[in-house]
């Protein structure tokens, strides 16, 4: 005897709900993270949204040489093209100079990003972004975050130079961890205003954006947090982390909520 449990939602709504949940990047990545390769492969025969996710994951977990052999043996041109069309992000599994990355875009007409394996202790790998502008591809290189610029309120900023070897025709975006330092003293409202003005000057530059901020200053904490949240909410300053060093206590790390 079989028992059928009635659904609270009609099948059409269940399908839309399933696709909506599966399309959320964080949920999808968690699901794919714990699936064995054989189960990932089985997703290729389900729905379109599963197919795209499975192909992206397969290109991430398999070595490129092995995949080149698989594609060579694949005689079904339609199926092969479907694999290529599904790829959006390419994650390299070997270290190569940035100038050699672009060739990996070749087979994948819809791929928009290439990520390299981290070379330093960093959770933010180097990447190349590709956009199609009026029939011409434009590339923007974003190096791995390995530079910290230290700001003194009484001095100018220290900005890194462009990494040698990246083609001049490429766009360039340098992620920065900015350290704001000042001798322990009470800062005037003008100096606090200067902090935000200087940060915006960097963040508004097309070649740089502030990813993390470390404060080594004595400031009115609620005021500085409120200002940062305001900038954060208007997309002028997108921080992943805010660290505050108290001169009379241990360093405290605070994460800004998006």
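Residue numbers (my numbering): 6 to 263.
Where is the CB? At the ideal position from N, CA and C, for every residue including glycine.
From a predicted model like this one, the values you see are computed outputs, not experimental measurements.
First through last residue of the alpha helix (DSSP H) which encompasses residue i
i          : result
residue 83 : 82 to 91
Which of helix, strand or coil DSSP assigns to residue i
i           : result
residue 14  : Because residue 14 carries a pLDDT of 39, less than 50, the predicted location of this residue cannot be relied on, and the following value inherits that uncertainty. In the structure shown, residue 14 sits in coil (DSSP, three-state: anything other than H, G, I, E or B).
residue 31  : helix
residue 113 : coil
residue 61  : helix
residue 216 : strand
residue 181 : strand
residue 234 : helix
residue 271 : With the chain running from 6 to 263 in the structure shown, residue 271 is simply not present.
residue 247 : strand
residue 23  : helix
residue 99  : coil
residue 263 : Any reading at residue 263 needs caution, since the residue's pLDDT is 35, under 50, leaving its predicted position unreliable; the model's value is listed next. Three-state result, residue 263: coil.
8 Å Cβ cutoff met for residue i and residue j
i           : j           : result
residue 134 : residue 120 : no
residue 90  : residue 115 : yes
residue 27  : residue 21  : no
residue 93  : residue 117 : yes
residue 130 : residue 100 : no
residue 30  : residue 104 : no
residue 60  : residue 88  : yes
residue 54  : residue 24  : yes
The beta strand (DSSP E) enclosing residue i, as first and last residue numbers
i           : result
residue 137 : 132 to 138
residue 96  : 94 to 96
Counting pairs of Cβ atoms below 8 Å between the segment 200 to 216 and the segment 172 to 180, do you hit three or more? yes
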